[in-house]
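Line order of the protein sequences matches chains D, G, X and P. Per the numbering used here: the first sequence = residues 1 to 360. Per the numbering used here: the second sequence = residues 361 to 720. Per the numbering used here: the third sequence = residues 721 to 1080. Per the numbering used here: the fourth sequence = residues 1081 to 1440. So the structure is just underneath, and the comments pick up after that.
Number of protein chains: 4
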Amino acid sequence: MNRFGERFAFTTFGESHGKALGCVVDGVPAGLEIDEAFIQSELDRRKPGKSKFETQRKESDTVEILSGVFEGKTTGTPIAMVIYNENQKSKDYSNVKDLFRPGHADYTYFHKYGIRDYRGGGRSSARETAARVAAGAIAKLMLRELGIGVMSGIVEIDGIHAGENLDFEHAKQSQIFALDPSVEEAQKEAVEQALNAHDSVGGAAYIRVTGAPAGLGEPMYRKLDGAIADAMMGLNAVKAVEIGDGVAASRSKGSRNNDQITSKGFESNHAGGILGGISNGDDIITKVYFKPTPSIFIEQKTVDVHNNDQTYFLKGRHDPCVAIRGSIVCESMMALVLADMVLLNMGRKMDHLKALYPQS
Amino acid sequence: MNRFGERFAFTTFGESHGKALGCVVDGVPAGLEIDEAFIQSELDRRKPGKSKFETQRKESDTVEILSGVFEGKTTGTPIAMVIYNENQKSKDYSNVKDLFRPGHADYTYFHKYGIRDYRGGGRSSARETAARVAAGAIAKLMLRELGIGVMSGIVEIDGIHAGENLDFEHAKQSQIFALDPSVEEAQKEAVEQALNAHDSVGGAAYIRVTGAPAGLGEPMYRKLDGAIADAMMGLNAVKAVEIGDGVAASRSKGSRNNDQITSKGFESNHAGGILGGISNGDDIITKVYFKPTPSIFIEQKTVDVHNNDQTYFLKGRHDPCVAIRGSIVCESMMALVLADMVLLNMGRKMDHLKALYPQS
Amino acid sequence: MNRFGERFAFTTFGESHGKALGCVVDGVPAGLEIDEAFIQSELDRRKPGKSKFETQRKESDTVEILSGVFEGKTTGTPIAMVIYNENQKSKDYSNVKDLFRPGHADYTYFHKYGIRDYRGGGRSSARETAARVAAGAIAKLMLRELGIGVMSGIVEIDGIHAGENLDFEHAKQSQIFALDPSVEEAQKEAVEQALNAHDSVGGAAYIRVTGAPAGLGEPMYRKLDGAIADAMMGLNAVKAVEIGDGVAASRSKGSRNNDQITSKGFESNHAGGILGGISNGDDIITKVYFKPTPSIFIEQKTVDVHNNDQTYFLKGRHDPCVAIRGSIVCESMMALVLADMVLLNMGRKMDHLKALYPQS
Amino acid sequence: MNRFGERFAFTTFGESHGKALGCVVDGVPAGLEIDEAFIQSELDRRKPGKSKFETQRKESDTVEILSGVFEGKTTGTPIAMVIYNENQKSKDYSNVKDLFRPGHADYTYFHKYGIRDYRGGGRSSARETAARVAAGAIAKLMLRELGIGVMSGIVEIDGIHAGENLDFEHAKQSQIFALDPSVEEAQKEAVEQALNAHDSVGGAAYIRVTGAPAGLGEPMYRKLDGAIADAMMGLNAVKAVEIGDGVAASRSKGSRNNDQITSKGFESNHAGGILGGISNGDDIITKVYFKPTPSIFIEQKTVDVHNNDQTYFLKGRHDPCVAIRGSIVCESMMALVLADMVLLNMGRKMDHLKALYPQS
């Protein structure tokens, strides 16, 4: 099941060290202008090797559109995009191909499928997320036409948390996508210390949606918060998802946590813009927690495919903190969820039908 | 979209104060023995009015099976179950029918659909979860045949957290489903204080799965953790979901968080039994955080359907802490997710096909 | 998989001799007025025992709405409908419970599920179609609001085919739903002869849709013609489906078969209103061919569940020509397909989105 | 909706004159050996320009696998295949870009999407079926492992019908895939006459499945016959689908049409191997009727996008009888339907679960 979404649906394919990866985006409305440079710029935000805080694998991540766009506009047919892998044959895997890397999906893929592409994690590699970002860029182009914005950044690294004021413009320029400049240096230092110790750190991304109308989300079983949780928890290394105040809400009282309503709108936004699984018109707020990168350069215990005890010692290049580049993927997934919800919501009242199917 | 699951799929219907609610469970394998008393006992665990810690609404929640079972066994056809509402006409809603209750889905349902059943929240009422529990009971019967167990309880109320040792047998008997007897009284007191203050408190449920084989979960877009997060976050009042160590994992180091592997199994279970979205054979662990019940008996600001400022003052009966009965629903949803994953996993390798389709 | 449709989706449940059968219709837009008498009248058209041309089983087929309708209108939540079986325990099946009836699904259900409800065919009984008709009535109410009409009748029985002029008003009153009064008597006689010979005859239904806008149908894999073919061929006893000229089109020339276009519309309708799987605004025309009822009162060869040779001799009551009542079910399925297509089509162009999501 | 299948699911993309077309096949079991030469040979059977009976467009239809195969075997991850268009810029479309070709999807695509890729039909071109054939080849490889064979040929052209004896080996060698050598010349002549008259003819394909076990097909709403009808009717130019005796069954009597059962199997196969929507273990038989190619070289009436009356006069190259190459696509679709049904059937009884999930 490599497909996400009901109406604005995308399917991804590809392995870390295979020929290519890519996606097919199905359900994009016809007549949307496609800004190819924007799609590439989104991929560039995610691509590795931009600073010492990221893996040094070099990939240009150049995306090519194969279908679905004609004379600069979508035609309503599926949009296939492909990214050829350049870094395909860089390494000899013979010494690790029978070992399971602790904290990785090697063990579970092998037990599920009885076979695995051991080159860099194969399909389970975070490299797959490049395809999500390409699809997400199309979603953003569509949402932009409706006045809906999606933005993200890093609020926490190694337990060092941002303050109240989050600066999304700053995050765009920051090497670690930091939302709070006042803790950025401390956060960077935590990453560097982990690097120097051949270890890794975790962190948290924060995603905000502005301009979303009330009414998005499909009860009971494609609620907006459920869909967001699915999208985020389904990302590699994510272990917790919060909507609005999240865990803190569960430690609040009803009298404090309820967002009271006035004719000018909600007085607060503890709910993170979602009530009963449906958007309420306020900003939609999500926090996503990533575990520390499992790839560390310290000896670990493991077994091989024959269940013999072994020692694992990793070489190579890896993000010391997957949350950093992960935040861009969260942002893309949020856009993809919302694009789907915008389409799913159409036809939920008879007024919609009467507006789009006027009788002659 | 009132359907959940791909292969072991259920659809629910019904409103809080309508004639009935129920579900249709589709995809249950033929030949499963159906223990009707067990299904009823699961509903009894969730039903209201069992103690002062729950709403005093009286419902027997008697379930009737309409189809799909013949001579005590499933036939492979859909199992419809219905629960008639007894408490259907108990109240006059005329004074609140145009008001939005703060923290509730009234506002969003109205904006989505342009119409709402204002009686007790209508479809958005937590009463809908009775249907989930009925469906979940079927899932549990199936999982039991495969040696898979699902259990739950309360780990936290109003910030008072259980210790390390969780006692699932104790939780079954506890009025608040408490997993740690040593904090149970303090947790109960917190609920009572809120009750007395006409306020409400939040809490957290803990769900453990034992006996699940490695290999469950469908990359990329129906991963086990993503599906669990969807199932849990889609429950009323849930604002955060953790897998394994959750938020704490994001504050750990890779060297500490990785579960090292030996020929006897994993040395720890920070991952909560899931790697790369697929079960690894260890216990599957989830924590689910509920906000305090939005229904409180304190005056709040709101607006009416014409956006006039109004004051809202609730009467009636409500759970002071929705997490308590919510934990049973989490357990049911977990069973439903796993039952689906068990079926989805079939056919993922050619060996499966050759075993089930031997050539004559 | 007991669910049909993507957006206007229904799930049916129930067996021929179980407690009840019914359906849950999901995705109906909010604000649609529900005329319960109309729904019942649709069920009355399909119900058995109205004339000698139908089975003499007595069922009132009284439908009860359990959810989804509030103060006479849909709320956007699922509409559950239930029809309790009255004729539940009428017969002793002990002598046939291990036998497979030739031409029936007994054999295949047993081989698929390893178990079967042998009472009157269980789930495979045509009785299940009552639930389809209930769901179809909701679809018709929705389509009516958009000016789309669906009508049906019988064009052929035992090879006796209607002429060019089809009279849908006549069909409504006809005991055999005959579209051509000039052949009606001959068709009736064919049925009676089969009855007298303890045999059965086949026939064909004709379904016409008027007022459907151009643009319905989802390429590539939920085309309008594909969806219609699926819906019709999936009915018991159907063995062939034609769109427009059907088989005759394949014996025509391109120069004759192409519907030429003028500024006043298409000059002919060989295509049956569908081009490339999408409606062209013309009437949508389908013909559906039913095999003769497999239940005949003549000795036949069969085997039992242990594969021993046996003789089968049926007693009881059966439609001598399933096409007759089947035509009503075809009409319902057509309405259900179109209702789904109407919803699926929303959001296929950016103009739709801009109309329904105006920016403030 | 460019995806077909539930478990063995494929998504296609691409336009007639775009950069490339292709597919992503999702749900293929891991451990299947992939014979790339076989996949290419399947595409070669469908590719144009092999004889005067086909369009003279030249395309090598070389397929490239981008993902999902590792060391010659499937890994359980999605298999992406791409076919680059060589014949991309061959023509000036300026004089026809605003005209609708009679009998084509131009009119309906334009009305649905408000925009269309007018180059050779864009997405609605039969060229899309190359992607289906590539996906179908994977399905065939899987079915072959289970002893299931799929074969096809032409039984009728321009009303000239094959006799009783069908020779599938002959069809493979025949330029028109003729199943009956005794009428092949007459069928060829009919095509040539149409060619010479600048006209086109219709025809019918016949598809047979051998070795399918009893039990395939999912009641009620993914029955085997419904799925086949959907797959076939969804092909360009198809206007009728028959299962088994099809239309002729509706003109038979029950006593003749029922396939009686003995301990050695069914005595006849009027049912075409399907009862109640489930395979009965006999050969599965389908006939698919194609209209004559709408592209003819005779002046026709049409309108332009502004609804002005116009005259249409086609130039270029087209198949004079789309049924011929269409038969290969039918065969591929049949394989895809069956592969899906094989997977869907797994888990339909508890015995399946106990076999694949033995408790330790």
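No residue lacks a Cβ here, since even glycine has one placed at the ideal position from N, Cα and C.
With 8 Å set as the bound, which would you pick, yes or no: does the beta-carbon of residue i sit closer than that to a beta-carbon of chain D?
i	result
Y1077 of chain X	yes
H1026 of chain X	no
What do you get for residue i, buried or exposed, if any count of 16 or more other CB atoms within 10 angstroms of its CB means buried?
i	result
Q776 of chain X	exposed
H306 of chain D	exposed
A695 of chain G	buried
A37 of chain D	exposed
K349 of chain D	buried
Y1392 of chain P	buried
R976 of chain X	exposed
D452 of chain G	exposed
A1396 of chain P	According to the sequence as given, residue 1396 of chain P is Gly; it is not Ala. Exposed is the call here.
A1217 of chain P	buried
How long is the line joining the alpha carbons of residue i and residue j, rounded to whole angstroms?
i	j	result
L1123 of chain P	Q1380 of chain P	33 Å
R127 of chain D	L235 of chain D	11 Å
R363 of chain G	I1404 of chain P	42 Å
S972 of chain X	T930 of chain X	25 Å
I1005 of chain X	F1190 of chain P	22 Å
A1110 of chain P	D1431 of chain P	22 Å
G637 of chain G	R1203 of chain P	36 Å
S902 of chain X	A494 of chain G	56 Å
H170 of chain D	G153 of chain D	9 Å
V1327 of chain P	A925 of chain X	12 Å
S125 of chain D	S51 of chain D	20 Å
E424 of chain G	Y833 of chain X	24 Å
T129 of chain D	F1370 of chain P	43 Å
A105 of chain D	G387 of chain G	29 Å
V598 of chain G	G272 of chain D	12 Å
E774 of chain X	G869 of chain X	26 Å
Flag residue i as yes if its beta-carbon sits less than 8 Å from any beta-carbon of chain P, otherwise no.
i	result
R367 of chain G	yes
R582 of chain G	no
F13 of chain D	yes
Does residue i get closer than 8 Å to chain X when you measure Cβ to Cβ?
i	result
Y473 of chain G	yes
R363 of chain G	yes
R461 of chain G	no
I1378 of chain P	yes
P213 of chain D	yes
Should residue i be flagged as near chain G, meaning a C-beta pair shorter than 8 Å?
i	result
E1151 of chain P	no
R843 of chain X	yes
For the ligand NAD, any of its heavy atoms closer than 7 Å to the Cβ of residue i?
i	result
L703 of chain G	The ligand NAD is absent from the structure shown, which contains no ligand whatsoever.
**Request:** Return the residues of the segment 379-390 of chain G that lie within a Cβ-Cβ distance of less than 9 Å from chain P, sorted by chain order.
**Result:** G387, P389 and A390
**Request:** May I have a chain-ordered list of the beta strand (DSSP E) segments no shorter than 3 residues that lie completely inside the segment 426-481 of chain G?
**Result:** 439-444
**Near-chain G residues of the segment 755-787 of chain X - C-beta to any C-beta below 9 Å** = E784, I785, L786 and S787
**Item:** Chain-ordered residues of the segment 537-563 of chain G with a beta carbon less than 7 Å from chain P
**Value:** none
**Item:** Contact list for the segment 1417-1429 of chain P against chain X, Cβ threshold 8 Å
**Value:** L1424, N1425, R1428 and K1429
**Message:** Residues of the segment 1000-1011 of chain X in Cβ contact with chain P at a cutoff of 8 Å, in chain order, please.
**Reply:** N1000, G1001, Y1009, F1010 and K1011
**Prompt:** For the segment 952-985 of chain X, which residues have a CB atom closer than 7 Å to at least one CB atom of chain G, in sequence order?
**Reply:** none
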